[in-house]
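Residue numbers (the UniProt record's numbering): 1 to 152. One structure below.
Given below as structure tokens:
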């Protein structure tokens with residue numbers, strides 16, 4: 001006690017926490033990132049090089065590469081990736097499921113896979129085709145960069 005007043009051991013600040021939170025939200029939402037990836041040669045399934053150096057692409061092309069790589073990576077098969085990255089579409093092959101169940105589950109699995117990317121906001125025109133042990137999915141990814149058509 002000092003002069004009849006109780007003193008706190010913590011400093012006193014005249015701060016409105018709502019203002020701090022609102023400022024933080026404004027700062028974080030005003031930062032817009034452009035997706036970037038190393039260019040990919042889809043025909044040769046390898047990085048695209050120019051003069052022996054990696055090429056960086058941005059925007060829709062970068063998202064197409066990200067989606068393609070994610071849907072060509074089996075979930076929890078490579079320790080370099082998080083447990084959430086990739087797909088588990090292989091669980092649908094050779095099980096004798098109806099085509100309706102395969103399409104429904106493939107849609108769910110693909111959405112779980114691609115929605116990890118914050119640039120991807122939706123998916124439409126989803127179709128599946130399967131031939132023996134090969135499942136092909138086609139869809140349009142809705143992104144903050146525009147629509148990206150995929151056949152994987």
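C-beta: ideal position from N, C-alpha, C; glycine also.
Could you compute how far the alpha carbon of residue i sits from the alpha carbon of residue j?
i	j	result
residue 99	residue 51	46 angstroms
residue 70	residue 96	25 angstroms
residue 136	residue 85	19 angstroms
residue 101	residue 92	9 angstroms
residue 49	residue 149	24 angstroms
residue 87	residue 58	24 angstroms
residue 72	residue 129	16 angstroms
With C-beta atoms as the reference, is residue i less than 8 angstroms away from residue j?
i	j	result
residue 106	residue 123	no
Using DSSP's beta-bridge definition, name the partner residues of residue i.
i	result
residue 87	74
Would residue i be called buried (16 or more neighbouring beta carbons within 10 Å of its own) or exposed?
i	result
residue 139	buried
residue 103	buried
residue 112	exposed
residue 53	exposed
residue 89	buried
Checking contacts by CB at 8 angstroms: is residue i closer than that to chain B?
i	result
residue 80	Structure shown: chain B not included; a single protein chain is present.
Do the stretch 138–148 and the stretch 61–79 meet, that is, are 3 or more Cβ pairs less than 8 angstroms apart? yes
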